[in-house]
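Protein chains in written order, with this note's numbering: chain U, 508 to 749; chain Y, 508 to 749.
Beta carbons are placed, not taken as given, at the ideal position from N, Cα and C, and that holds for glycine.
Structure, as structure tokens:
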DNA sequence: TTCGCATTGTGATTTGTTTCACATGGAATG
DNA sequence: CATTCCATGTGAAACAAATCACAATGCGAA
Ligand SMILES: NC(=O)c1ccc[n+]([C@@H]2O[C@H](COP(=O)([O-])OP(=O)(O)OC[C@H]3O[C@@H](n4cnc5c(N)ncnc54)[C@H](O)[C@@H]3O)[C@@H](O)[C@H]2O)c1
Ligand SMILES: NC(=O)c1ccc[n+]([C@@H]2O[C@H](COP(=O)([O-])OP(=O)(O)OC[C@H]3O[C@@H](n4cnc5c(N)ncnc54)[C@H](O)[C@@H]3O)[C@@H](O)[C@H]2O)c1
């Protein structure tokens, strides 16, 4: 039972969602196959990931849905109130706040920070907006451990420094600035411009190889394995190889 | 000069951004070291990535900034107009449309699709909003090859099917539904809820190990390598090992 | 009760990616 | 002109992650 990797943590949340659905349907047991299909990975991958939980299913029955849900929750979700803050109430900042509000039982966005005085002291989706200048104080007072960065690129490092100095240990960064943070602070970068570039790139490639390989407008056959769960190599799968 | 991997494409866009900055500063040459520092990767990684471009720098001078910029553009960016569409003009859909508009020379969001009749036929950020029912027709007519999915989870597969049937070959998917698409269609999933869970997880872990390892409120030292460029293992780096 | 079978858990293997390490070579210096 | 320095390009090694393959297991049918 060794430590879970970055990717395993991500997949566990996918299994969790699938299991919740199964539970809602009244299923009490599930095989690795089924979870694999729902999360678009292999069955072996599912079993490996579940190993880190220390929970075992039984052959012939598979995994007990309720128990597995509980194990994943105990492993990846906070067991007691954990707080987050968002800096930058612009386009994505607002969308994220709205989206994340009330989504996880023990994970709450309890503060937002702005540089624009227009927005100070207002309640946005039930969450108080403070001046970025008081961020250190608020973060410490409320015990916030997670920070979401939705400020302009040029401000990102500055706000990250404020966050880290105040005790934040995990940052979800939407700015396209690679952040410098002390060892031990976890940063996950989400670079949407890059993602779009990449999708456009592989879309072009797909068009190119299609034209090169197929005689005419051959219809694409529905071979489920085509997609590319974020974080993997593109489906360079040869198409309809018949 | 073998094919570029998913991750190489992503990093190339980072080098590109760094190079543009250098160019703006008047630099005409750059070493792999420098690019590595700016993109938070190793110098060897930079050289490896650049290999796929077929461009060579010179020892003692490094890479010619202008030429390298051009090579990256020629390799990863569209050489002629490429079009994209967004489905779902809700929270993120709107933020994305605004953000992506006019950002890349040859990549344009030229249409958006909605199910809500309130939004039909309006111009949003200069982009026409159509009924999802006419998506097939519009996509074919305009030659759109990239689709962005910002619709509710339950609608994602349906819209993806419409997209694919109309000829879209790359999808940026914000819904948390794993999509089934034919082989050859590239899908990049962005699961923000998962990312937040993960950041929260590693933030908790960081707090835990800190408490376990450090005697008291030892200050974190600014060791630049601490962060975690998305897509990698968390900085399980031992902290201040003195 | 026994057998057959489908499924789990995991060692071994493969696959893919990053890093190392060094031969190569251009530029500057004396 | 020779020598020194440093950075590049790349084969080889190291590493990480996913997959394979199979022994172990327990259920249900006979
Ligand atoms: N909107 C998108 O879809 C999108 C997509 C990809 C990346 N991004 C990135 O996200 C970041 C924000 O994007 P946006 O579109 O929401 O921008 P935006 O301009 O709409 O919002 C930025 C907000 O941050 C506030 N702000 C500025 N400096 C601040 C500071 N020091 N402290 C606190 N708040 C501060 C501004 O007042 C503004 O409200 C940018 O780095 C951008 O590159 C946005
Ligand atoms: N908002 C966020 O920050 C955020 C974060 C993570 C994930 N997501 C995901 O993104 C998706 C959309 O989120 P949102 O917050 O923008 O939701 P939203 O409800 O604000 O927007 C969805 C939009 O899609 C439209 N729509 C519904 N069915 C459609 C169809 N068949 N064709 C075209 N348009 C249709 C709706 O009219 C609505 O305008 C969801 O899957 C959500 O899980 C959103």
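- Within chain U, the residues 602, 605 and 606 have their CB atoms less than 7 Å from the CB of residue 598(Y), given in chain order.
- Shown in chain order are the members of the region 697-716 of chain U whose Cβ falls below 9 Å from a Cβ of chain Y: 697, 698, 699, 700, 701, 702, 703, 704, 705, 706, 707, 708, 709, 710, 711, 712, 713, 714 and 716.
- Judged by DSSP in its simplified three-state form, residue 650(Y) adopts coil rather than helix or strand.
- Of the heavy atoms belonging to ligand 1, at least one sits nearer than 7 Å to the Cβ of residue 665(U).
- Residue ranges of uninterrupted alpha helix (DSSP H) with 4 or more members, entirely inside the region 560-585 of chain Y and ordered along the chain, are 572-583.
- Comparing alpha carbon positions, the residue from 546(Y), 667(Y) and 538(Y) closest to residue 566(Y) is 538(Y).
- Not one heavy atom of ligand 1 lies closer than 7 Å to the C-beta of residue 696(Y).
- Restricting attention to alpha helix (DSSP H) runs no shorter than 4 residues, the region 687-722 of chain Y encloses them at 699-720, ordered along the chain.
- Note: residue 666(Y) is not bridge-paired with any residue in the DSSP secondary-structure output.
- Contacts with chain U at 8 Å (Cβ-Cβ) do not include residue 539(Y).
- Distance from the C-beta of residue 685(U) to the nearest heavy atom of ligand 1 is not below 7 Å.
- Three or more beta-carbon pairs separated by less than 8 Å are not found between the region 668-682 of chain Y and the region 701-712 of chain Y, which leaves the two stretches without contact.
- Scanning chain U for C-beta atoms nearer than 9 Å to the C-beta of residue 515(Y) yields nothing, as the closest lies near 10 Å away.
- Going by beta carbons, residue 691(U) and residue 717(Y) fall inside the 8 Å limit.
- Annotated as proximal: residue 576(U) and residue 523(U), with beta-carbon spacing under 8 Å.
- Here the alpha carbon of residue 660(U) sits roughly 43 Å from the alpha carbon of residue 574(U).
- A direct Cα-to-Cα measurement between residue 643(U) and residue 591(U) gives close to 13 Å.
- For residue 538(U), no beta strand (DSSP E) segment is defined, and its DSSP state is neither H nor E.
- The Cβ of residue 524(U) sits closer than 8 Å to at least one Cβ of chain Y.
- Contacts with chain U at 8 Å (Cβ-Cβ) do not include residue 669(Y).
- Less than 8 Å divides the Cβ of residue 613(Y) from the Cβ of residue 587(Y).
- Non-local C-beta neighbours of residue 526(U) in its own chain, meaning closer than 8 Å and more than five positions away in sequence, comprise 537, 542, 572, 575, 576 and 579, ordered along the chain.
- Taking a cut-off of 8 Å for Cβ pairs, the region 595-614 of chain Y and the region 642-658 of chain Y touch, as three or more such pairs fall below it.
- Non-local C-beta neighbours of residue 663(Y) in its own chain, meaning closer than 6 Å and more than five positions away in sequence, comprise 656, 682 and 684, ordered along the chain.
- Residue 678(U) has its alpha-carbon roughly 8 Å from the corresponding atom of residue 667(U).
- Looking only at 589(U), 693(U) and 701(U), the smallest Cα-Cα distance to residue 519(Y) is reached by 701(U).
- Within 7 Å of the CB of residue 585(U), the CB atoms of chain Y belong to 707 and 711, in sequence order along the chain.
- Within 8 Å of the CB of residue 619(U), no CB atom of chain Y is found; the nearest one sits about 15 Å away.
- In its chain, beyond the 5 residues on either side, 679, 680 and 681 have a beta carbon closer than 8 Å to the beta carbon of residue 697(U).
- Counting only the Cα atoms, residue 713(U) lies some 27 Å from residue 563(Y).
- Within chain U, 685 have C-beta atoms less than 8 Å from the C-beta of residue 547(Y), given in sequence order.
- For residue 547(Y), there is no enclosing alpha helix (DSSP H), as DSSP marks it with neither H nor E.
- The beta carbon of residue 638(Y) sits closer than 8 Å to the beta carbons of 620, 621, 622, 624 and 627 from its chain, once the five residues preceding and following it are set aside; these are given in chain order.
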